[in-house]
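Here is the structure we will look at, set down as structure tokens.
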Amino acid sequence: MVAELLTDSPPEFVFDGGPLWRPEKALDAAHKAAQEGAISEHRRALQAMMARPSRKWVDQRLASLFVHFNPTREVDGKAFGIWNDEMARLLIDLPHDILAHAIDEAIRKSGHGFAPAVGEIRRYADPLVEQREIQIDRLRRMEAALADPTATEERARRRASQAAHERHMASTRQTEDQR
Numbered sequence: 005m006v007a008e009l010l011t012d013s014p015p016e017f018v019f020d021g022g023p024l025w026r027p028e029k030a031l032d033a034a035h036k037a038a039q040e041g042a043i044s045e046h047r048r049a050l051q052a053m054m055a056r057p058s059r060k061w062v063d064q065r066l067a068s069l070f071v072h073f074n075p076t077r078e079v080d081g082k083a084f085g086i087w088n089d090e091m092a093r094l095l096i097d098l099p100h101d102i103l104a105h106a107i108d109e110a111i112r113k114s115g116h117g118f119a120p121a122v123g124e125i126r127r128y129a130d131p132l133v134e135q136r137e138i139q140i141d142r143l144r145r146m147e148a149a150l151a152d153p154t155a156t157e158e159r160a161r162r163r164a165s166q167a168a169h170e171r172h173m174a175s176t177r178q179t180e181d182q183r
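In this note's numbering, each residue carries its 1-based index in the sequence shown increased by 4.
Here you go:
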């Protein structure tokens with residue numbers, strides 16, 4: 005549900021030339037879904053998911069990647085160490101779950117028969133990192149809107165007006181149905 009609150013509106017629904025995503029619109033959707041109180045929790049969870057993997061995990065993952073693509077070849081330990089250190093240095097900044105997914109995707113879609121390069125792995129990872137950063141930023145903006153007393157007052161007025169309009173429309177439909 006939270007992912008839906010953080011995605012852009014389709015351009016055809018933005019008539020005023022404003023941005024495709026707005027904190028107030030997302031807060032209204034969260035309110036309807038009874039998720040408004042969980043926004044900070046969701047942001048903290050996404051923020052925690054941005055944690056880097058341990059160097060040990062990266063080393064193990066790269067070693068299995070190397071063995072997967074070099075099962076019968078004799079390997080020079082020093083050359084492997086240099087390769088592993090450089091790969092780890094260039095990938096360790098990625099969040100753990102995204103790095104795991106990106107390595108898997110690079111292996112699955114590798115058409116050249118040897119271990120994917122850093123660039124191939126990052127081609128899958130970087131857009132996911134950017135998407136998560138946008139989601140965290142949007143949750144922060146929603147938290148800020150919730151903490152702003154003026155915005156909260158305006159939101160309450162807007163929601164009360166919307167509820168009154170919906171009640172009026174429902175009673176109008178009911179009256180028309182009785183005719």
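Think of the CB as a built atom: it goes at the ideal place given N, C-alpha and C, for glycine as much as any other residue.
_4 or more residues per run - each alpha helix (DSSP H) lying fully within the stretch 72–120_ = 81–95 and 100–112
*Who are the Cβ neighbours of D32 in its own chain at under 6 Å, not counting the five residues just before and after it?*
none
*Span of the alpha helix (DSSP H) holding E137?*
V122 to A151
*With a threshold of 16 other CB atoms inside 10 Å of the CB of P120, please say whether the residue is buried or exposed.*
buried
*Where D63 falls: helix, strand or coil (DSSP)*: helix
*Reduced DSSP category for D181 - H, G, I as helix; E, B as strand; rest coil*: helix
*Buried versus exposed, by CB contacts within 10 Å (16 or more), I140*: buried
*Cβ-Cβ distance between M91 and V122 below 8 Å*: yes
*Taking only beta-carbon positions, decide if I43 is within less than 8 Å of chain B.*
Among the chains of the structure shown, chain B does not appear; only one protein chain is present.
*May I ask you to report which of helix, strand or coil DSSP gives M30?*
Just to set this straight, residue 30 is Ala in the shown sequence, not Met. Reduced to three states, the DSSP call for A30 is helix.
_Less than 8 Å between the C-beta atoms of P23 and M53, yes or no?_
no
*State the Cα-Cα distance for the pair G81 and S58, rounded to the nearest angstrom.*
22 Å
*How long is the line joining the alpha carbons of S44 and I107, rounded to whole angstroms?*
31 Å
*Which class does Q39 belong to by DSSP, given the choice of helix, strand or coil?*
coil
*Pick out whichever of E78, F73, T154 and E147 has its Cα sitting closest to the Cα of H116.*
F73
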